[in-house]
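Residue numbering for the sequence shown follows our numbering, beginning at 10 and increasing consecutively.
Backbone N, C-alpha and C fix where the C-beta goes; we use that ideal spot for every residue, glycine too.
Predicted model, so just to flag it, every value in this text is computed and none were measured.
Everything below concerns the one structure shown next.
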Amino acid sequence: MKGSLRNLLNLASAELEAWVAGAGFEKYRGRQIFQWLYKKSATDFDSMSDLPQDLRDALKAAFYFHLPKVVEAKPSADGTLKFLFELEDGERIEAVVISDEDRRENTLCLSTQVGCRYGCGFCYTGTMSFKRNLSSGEMLGQYFAARARLAKRAELHRLVFMGMGEPLDNFEELKKTLGIITSRQGLDFSSKRITVSTAGVIPYLDETWGLGVHLAVSINAADPAQRTRLMPINKKYPVEEVVKALKKLDRSGRQKLTAEYVLLKGFNDSIEDAHRLARLLSGLDLMVNLIRFNAFPGCAFEPSEEKRALSFQDRLKSAGFMVFIRKSKGQDILAACGQLRGSRP
Ligand code: SF4
10 MKGSLRNLLN LASAELEAWV AGAGFEKYRG RQIFQWLYKK SATDFDSMSD
60 LPQDLRDALK AAFYFHLPKV VEAKPSADGT LKFLFELEDG ERIEAVVISD
110 EDRRENTLCL STQVGCRYGC GFCYTGTMSF KRNLSSGEML GQYFAARARL
160 AKRAELHRLV FMGMGEPLDN FEELKKTLGI ITSRQGLDFS SKRITVSTAG
210 VIPYLDETWG LGVHLAVSIN AADPAQRTRL MPINKKYPVE EVVKALKKLD
260 RSGRQKLTAE YVLLKGFNDS IEDAHRLARL LSGLDLMVNL IRFNAFPGCA
310 FEPSEEKRAL SFQDRLKSAG FMVFIRKSKG QDILAACGQL RGSRP
């Protein structure tokens with residue numbers, strides 16, 4: 010907000026139509042404005058050449074455009090690019106572009122909150138206190154600002170909501186953002202190219218799944234006490250209840266469900282841990298992503314040794330799961346999974 014002005018990127022198509030009608034113009038003009046924003050990448054009202062001048066004037070009197078300021082765009086040796094963004098109120102967040110050279114694809118990892126309430130022990134964001142939710146305009150702003158910095162003609166092919174914050178704790182803004190990203194008149198991005206990650210916020214699992222995106226659920230320990238030590242959210246949403254909720258999802262479509270498991274040396278990486286995980290997940294059709302822990306300043310954990318990670322993977326495979334050990338990217342610039350914090354330590 011700038012005084013009474015609003016960031017235009019915070020409005021869904023229906024909201025724009027309602028505003029346009031309320032201002033005394035034909036409703037369809039709202040869709041036109043939406044298309045200018047998302048199809049033609051307009052960033053000022055004067056370039057919206059097919060709108061009448063009085064509508065452009067009314068827009069100028071009510072709205073403005075705002076993209077987050079790029080404080081830093083730091084490249085990693087492996088091609089990962091980490092952005093440090095500053096928001097209008099001075100808060101800072103991070104987003105990461107990960108390039109897959111084999112598939113020739115770029116994935117943008119977006120943040121949904123400034124800080125996080127949950128304090129997971131393996132996550133740098135968890136060492137910050139929760140400051141606030143991001144608006145949909147601030148989530149979309151990360152997309153536009155990152156895209157503008159990519160080399161000429163490079164595109165963003167996949168989006169993962171796995172940056173700072175718990176996306177399902179900011180569900181209404183997440184839903185609005187996904188609506189704009191996937192709508193035909195918006196960015197027209199296939200929901201099959203979007204993954205939302207969650208620590209297991211049970212009340213929103215079903216509704217998020219209903220948006221057609223892939224879901225990645227952070228499990229990280231099958232034993233309840235062990236998980237509570239690592240992920241305090243387990244007290245509120247116990248892992249057994251999370252699994253029960255996942256079993257109820259409608260699996261008739263082609264959406265992927267993934268269990269994420271960060272392997273921590275001597276904490277959750279034994280064969281017994283793998284057995285417990287296999288038992289917990291039995292009956293669920295999902296893929297398991299094993300993640301090598303990415304250390305950050307002041308963290309108490311160390312990554313598992315490769316041999317142990319492979320034994321863990323074998324145990325799960327023999328229980329019938331499809332299991333991958335996820336390659337980490339951007340570790341040298343603290344851009345890998347769990348390493349985002351939005352400010353320098
Ligand atoms: S892993 Fe997710 S839920 Fe846990 S502290 Fe980090 S951002 Fe929050």
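Quick one: give me the first and last residue of the beta strand (DSSP E) that residue i is part of.
{"i": "V332", "result": "M331 to R335"}
{"i": "K91", "result": "L90 to E95"}
Nearest to residue i by alpha carbon, out of the options?
{"i": "E100", "options": "V123, A86 and K184", "result": "V123"}
{"i": "L149", "options": "C132, K316, V169 and A163", "result": "V169"}
{"i": "K49", "options": "S85, N179, F310 and L196", "result": "L196"}
{"i": "H166", "options": "A234, E103 and I190", "result": "I190"}
{"i": "A230", "options": "H284, G12, L266 and G219", "result": "H284"}
{"i": "R15", "options": "E315, A304, K69 and L343", "result": "K69"}
{"i": "M137", "options": "F333, D341 and P306", "result": "P306"}
{"i": "V105", "options": "Y133, D178, K83 and K11", "result": "K83"}
{"i": "K11", "options": "Y73, R317, T52 and N277", "result": "Y73"}
{"i": "A86", "options": "C346, R350 and I342", "result": "I342"}
{"i": "L143", "options": "Y127, R126 and T121", "result": "T121"}
{"i": "S206", "options": "G219, G174 and T237", "result": "G174"}
{"i": "G39", "options": "I107, L17 and S327", "result": "L17"}
{"i": "V251", "options": "A318, I211, K326 and T217", "result": "I211"}
{"i": "C129", "options": "K265, Q235 and I334", "result": "Q235"}
{"i": "F333", "options": "M296, N303 and W218", "result": "M296"}
{"i": "G262", "options": "D294, H75, Q322 and C308", "result": "D294"}
{"i": "K245", "options": "L290, D259, D178 and I300", "result": "D178"}
{"i": "A32", "options": "R141, Q41, A67 and A51", "result": "A67"}
{"i": "P176", "options": "A21, Y213, V80 and A71", "result": "Y213"}
{"i": "T134", "options": "E103, K326, E114 and R260", "result": "E103"}
{"i": "I203", "options": "G209, L220, E216 and Y47", "result": "L220"}
{"i": "S337", "options": "R301, G329, A318 and S327", "result": "R301"}
{"i": "F139", "options": "P77, C132, S145 and Y127", "result": "Y127"}
{"i": "S145", "options": "C125, R158, E269 and L20", "result": "L20"}
{"i": "R288", "options": "A328, V29, T52 and A318", "result": "A328"}
{"i": "G347", "options": "R317, R324 and A304", "result": "A304"}
What did DSSP end up calling residue i once you bin it into helix, strand or coil?
{"i": "M148", "result": "helix"}
{"i": "H223", "result": "strand"}
{"i": "V123", "result": "strand"}
{"i": "I300", "result": "strand"}
{"i": "S327", "result": "helix"}
{"i": "N243", "result": "helix"}
{"i": "F310", "result": "coil"}
{"i": "Y270", "result": "strand"}
{"i": "L117", "result": "strand"}
{"i": "F180", "result": "helix"}
{"i": "L168", "result": "strand"}
{"i": "N229", "result": "coil"}
{"i": "D341", "result": "helix"}
{"i": "R40", "result": "helix"}
{"i": "L20", "result": "coil"}
{"i": "D362", "result": "Absent from the structure is residue 362, since the part of the chain shown begins at 10 and ends at 354."}
{"i": "M137", "result": "coil"}
{"i": "K11", "result": "strand"}
{"i": "A163", "result": "coil"}
{"i": "A104", "result": "strand"}
{"i": "V205", "result": "strand"}
{"i": "D59", "result": "coil"}
{"i": "E185", "result": "First, the residue type needs correcting, since residue 185 is Lys and not Glu in the sequence shown. K185 falls in the helix class under three-state DSSP."}
{"i": "K78", "result": "strand"}
Could you spell out where the alpha helix (DSSP H) holding residue i opens and where it closes?
{"i": "G233", "result": "The residue asked about is misnamed: residue 233 is Pro in this sequence, not Gly. Taken as a continuous stretch (DSSP letters only), the alpha helix (DSSP H) holding P233 covers P233 to L239."}
{"i": "V248", "result": "V248 to K256"}
{"i": "S85", "result": "Run containing S85: none; DSSP gives neither H nor E here."}
{"i": "I280", "result": "I280 to L290"}
{"i": "A67", "result": "Q62 to A71"}
{"i": "E368", "result": "No answer is possible for residue 368: the residues shown for the chain start at 10 and end at 354."}
With contact counted as at least three CB pairs below 8 Å, one residue from each stretch, are the region 245–265 and the region 221–236 in contact? Contact holds: three or more Cβ-Cβ distances are below 8 Å.
Just the residues with CB closer than 5 Å to a heavy atom of ligand 1, in chain order, which are they? Qualifying residues come out as C125, Y127, C129, C132, T134, G135, E175 and A208.
Determine, using beta-carbon pairs with one atom in the region 176–184 and one in the region 51–66, whether at least three such pairs fall under 8 Å. No, the region 176–184 does not touch the region 51–66.
On the three-pair Cβ rule with 8 Å, is the region 312–324 touching the region 269–276? Yes: at least three Cβ pairs fall under 8 Å.
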